[in-house]
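**Student:** My structure is below; once you've seen it, I'll send some questions.
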Amino acid sequence: MPNRCPIESTKVGWNFDNSYARLPEPFYARLNPVQVREPRMVVFNHALAEVLGLKKEVLEGNQGTPFFAGNQLPLGAEPLAQAYAGHQFGHLTMLGDGRAILLGEQITPHGKRFDIQLKGSGQTPFSRRGDGRAALGPMLREHIISEAMHALGIPTTRSLAVVTTGEPVFRETTLTGALLTRIAASHIRVGTFQYAAGREHPEELKALADYAIQRHYPDSSEANNPYLAFLQNVINHQASLVAKWQQVGFIHGVMNTDNMTISGETIDYGPCAFMDQYDPATVFSSIDVQGRYAYGNQPVVTRWNLSRFAETLLPLFHSNPEEALAMANETLATFPDRFQNIWLSGMRTKLGLFTEETDDMALIEALLTWMHQNQADFTNTFRSLGSDTLRKEPFFKKADFADWHAQWQARLARQPESLDRVLELMRMSNPAVIPRNHRVEEALKAAVESCNFSVMQNLLTRLETPYEDRPGQDVYRLPPEPNAPPYQTFCGT
Ligand code: AMP
Ligand code: MG
């Protein structure tokens, strides 16, 4: 049994509430994490602990480890596994937390509410044939990439800690077991609504929708039709999220509806990766053979997922099914423009444009086409546009680039802002460093195979300030060698 020692808990700063556990029972199964043999902390996120109002000096030592291993429960925790469904590569399946436990919600000193979830915490009633556990490599990978996304300014779940369990996990080979403590605005997914809708108990669906509205979009409840306003809010947040992904070359890799949050945070860092050379068809995930979740498809898939979400809410929009459907379609139809506008304004900032001109889209598309044809590195090309590199590198001396460059310069000259302001905007919009796939792999290899965590720590430190230049950053900035084998990712179990 987990030790429920309340004295230890209060010293740590836990301030728990369990609002999700007050939803109707079919939304979860109550159970404790399965204890692990010999937990050891390998990463602890001081900055995030502070945001959460947790005492980092207590948690980072031996006293913190049992909490992040699931061996000791925070005071006030009511652990549960969440039930949900989801379209996986287009097929609807019953899922649920098969290897995660929601401990509860930490209320921060600023009154914000965050889910605290252990990932890799043992079997649950939703485990199907899985062992409920996670391996160290994928948990560290989630830690690195989710923290990098946060530093890039992209809404995301975060990682508070990673501990090893002292127990092996068996995949193709025997691996080191580990847990990640995931922090999220909530873990309510499109798939949570699909689960609710599938049960055909209207009062449960309404309870979930009212709960999600209150938790994430309380302004919706003031609208004429709160559920339609809720849908619109989720559409807006997801449109903004996927636009931000596109602008840093992030490829989620497994945009199943269970991996899409209602809050608009990025969730589930399994087979995700960052694009090096610009190519809309880029896919890294080994199982995505048809390219369903390719870089260029992400906005379309977001829209498809939002349609599945809207379907679940139909009975709440209107008692007449035809009217409800018309309302849903009208609201969903706002997605393309919404996405396009957010994307366009983000791309303008990447080019240092403060004003709007009708030909901006053509200017941006011309650059992307040139980048595609010339296998240009996505991140470094945009960063170079606002730096000396442009003058120095032979790559940018090609005649077709000079044409585009002249158009861009003429466009910049038509706005009143000074060159200094243009360069400042570009520096804030084009990261100098991203978590390059080969650097992430190098850090994971050192940690997992040699227990050397310093490579990862150095990488994490560099990724904390992605928009700033730092001495000696080339190692993090440069793409892989041209003759490196194509990068492939695997679902992170
Ligand atoms: P994911 O691919 O991480 O989005 O997970 C899809 C589903 O598989 C979720 O319901 C997970 O809880 C479940 N799952 C993934 N890995 C395991 C595992 N090792 N044991 C049990 N369930 C798992
Ligand atoms: Mg998932």
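Counting in our numbering, the sequence shown runs from 991 upward without gaps.
Idealized CB from N, CA, C, for every residue including glycine.
What's the C-alpha gap between His1100 and Ala1392?
**Tutor:** Approximately 51 Å, taken between the alpha carbons.
**Student:** May I ask you to verify whether the region 1124–1142 touches the region 1202–1213, counting CB pairs closer than 8 Å and requiring at least 3?
**Tutor:** no
**Student:** Check each candidate in Pro1311, Ala1141, Gly1076 and Leu1169 and name the one with the smallest Cα separation from Ile1424.
**Tutor:** Nearest of Pro1311, Ala1141, Gly1076 and Leu1169 to Ile1424, Cα basis: Ala1141.
**Student:** Could you compute how far the alpha carbon of Pro1056 sits from the alpha carbon of Arg1027?
**Tutor:** 10 Å
**Student:** Pull every residue with its beta-carbon under 7 Å away from any heavy atom of the ligand AMP, and keep them in chain order.
**Tutor:** Leu1085, Gly1086, Asp1087, Gly1088, Arg1089, Ala1090, Gln1113, Phe1116, Ser1117, Arg1118, Gly1120, Asp1121, Gly1122, Arg1123, Ala1124, Val1244, Asn1246, Asp1248, Asn1249, Asp1258, Gly1260, Cys1481, Gly1482 and Thr1483
**Student:** Here's the rule: buried if 16 or more other CB atoms are within 10 angstroms of the residue's CB, otherwise exposed. What is Asn1061?
**Tutor:** buried
**Student:** Within 10 angstroms of its Cβ, does Gln1463 collect 16 or more other Cβ (buried), or is it exposed?
**Tutor:** exposed
**Student:** Compute the beta-carbon to beta-carbon distance between Gln1107 and Asn1005, rounded to the nearest angstrom, for a pair I have assumed lies under 8 Å.
**Tutor:** Your pair Gln1107 and Asn1005 does not check out as a contact, with CB atoms roughly 16 Å apart and the cut at 8 Å.
**Student:** Between which residues of its own chain and Thr1248 is the CB-CB distance below 6 Å, once the five residues before and five after are set aside?
**Tutor:** With the sequence shown as reference, residue 1248 is identified as Asp, and Thr is not the correct amino acid for it. So the list reads Tyr1074, Gly1076, Leu1085, Arg1179 and Gly1181, once near-sequence residues are dropped.
**Student:** Assuming Phe1220 is part of the alpha helix (DSSP H), what are its boundary residues?
**Tutor:** Pro1216 to Val1238
**Student:** Please tell me whether Gly1281 and Cys1262 are closer than 8 Å, where the distance is taken between their beta carbons.
**Tutor:** no
**Student:** Residues in its own chain within less than 7 Å of Arg1328 by CB, not counting five upstream and five downstream?
**Tutor:** Once the five neighbours on either side are set aside, the close Cβ partners of Arg1328 are Ile1225, Asn1226 and Ala1229.
**Student:** Taking 6 Å as the limit between beta carbons, can you name the residues of its chain near Pro996, skipping five residues before and five after?
**Tutor:** For Pro996, the pLDDT reaches just 47, beneath the cut-off of 50, and the residue's location in the model is therefore unreliable, although a value from the coordinates is still provided. Leu1065, listed in sequence order.
**Student:** Along the chain, where does the alpha helix (DSSP H) that runs through Glu1502 open and close?
**Tutor:** Absent from the structure is residue 1502, since the part of the chain shown begins at 991 and ends at 1483.
**Student:** Our contact map puts Pro1305 next to Ala1284 with C-beta atoms below 8 Å; I'd like the distance itself, whole angstroms only.
**Tutor:** About 34 Å; that fails the 8 Å criterion.
**Student:** Please report the distance separating the alpha-carbon of Asn1367 from that of Val1002.
**Tutor:** The identity of residue 1367 in the sequence shown is Asp, whereas the question assumes Asn. Asp1367 and Val1002: Cα-Cα distance of roughly 45 Å.
**Student:** For Gln1478, which of helix, strand or coil comes out of DSSP?
**Tutor:** coil
**Student:** On the premise that Gln1222 lies in contact with Arg1298, defined as a C-beta separation below 8 Å, what is that separation, rounded to the nearest angstrom?
**Tutor:** Actually they are not in contact, since the Cβ atoms of Arg1298 and Gln1222 sit about 16 Å apart, beyond 8 Å.
**Student:** Less than 8 Å between the CB atoms is what I'm expecting for Ala1059 and Ala1071, so what's the real figure, rounded?
**Tutor:** About 17 Å separates the two Cβ atoms, so there is no contact after all.
**Student:** What's the gap between the Cα of Asn1473 and the Cα of Leu1380?
**Tutor:** 24 Å
**Student:** When DSSP labels each residue in this structure, what does Tyr1497 get in the three-state scheme?
**Tutor:** Beyond the ends of the chain as shown, which are 991 and 1483, falls residue 1497; an answer cannot be given.
**Student:** Please give the ranges of any alpha helix (DSSP H) in the region 1110–1157, keeping only runs that are unbroken, at least 4 residues long and fully inside the region.
**Tutor:** 1126–1141
**Student:** Going by DSSP, name the residue or residues bridged to Met1250.
**Tutor:** Thr1256
**Student:** Which value, in whole angstroms, describes the spacing of the CA atoms of Phe1307 and Tyr1201?
**Tutor:** 16 Å
**Student:** CA-CA distance, Gln1363 and Ala1037?
**Tutor:** Cα-Cα distance, rounded: 42 Å.
**Student:** Identify whether Lys1001 lies in helix, strand or coil by the three-state DSSP scheme.
**Tutor:** helix
**Student:** Take Lys1234 as the anchor and find which of Asn1246, Gly1143, Gln1267 and Glu1162 has the nearest alpha-carbon.
**Tutor:** Gly1143
**Student:** Contact between the region 1329–1342 and the region 1410–1423: three or more CB pairs below 8 Å?
**Tutor:** Enough Cβ pairs lie closer than 8 Å, so yes.
**Student:** Using the beta-carbon count (16 or more within 10 Å), is Arg1467 buried or exposed?
**Tutor:** buried
**Student:** Give the secondary structure of Ile1178 by DSSP, where H, G and I count as helix, E and B as strand, and everything else as coil.
**Tutor:** Three-state DSSP puts Ile1178 in coil, outside helix and strand.
**Student:** Identify every run of the beta strand (DSSP E) within the region 1048–1122, keeping only runs that are complete inside it and at least 3 residues long; order them along the chain.
**Tutor:** 1070–1072, 1075–1078, 1081–1084, 1090–1097 and 1103–1109
**Student:** Where do the ends of the beta strand (DSSP E) carrying Arg1030 lie?
**Tutor:** Arg1030 to Phe1034
**Student:** Where does Leu1375 fall in DSSP's three states?
**Tutor:** helix
**Student:** Give the C-beta separation of Phe1104 and Ile1173 to the nearest angstrom, bearing in mind that I take them to be a contact with Cβ-Cβ under 8 Å.
**Tutor:** 5 Å
**Student:** Please say whether Ala1019 and Pro1115 have beta carbons closer to each other than 8 Å?
**Tutor:** yes
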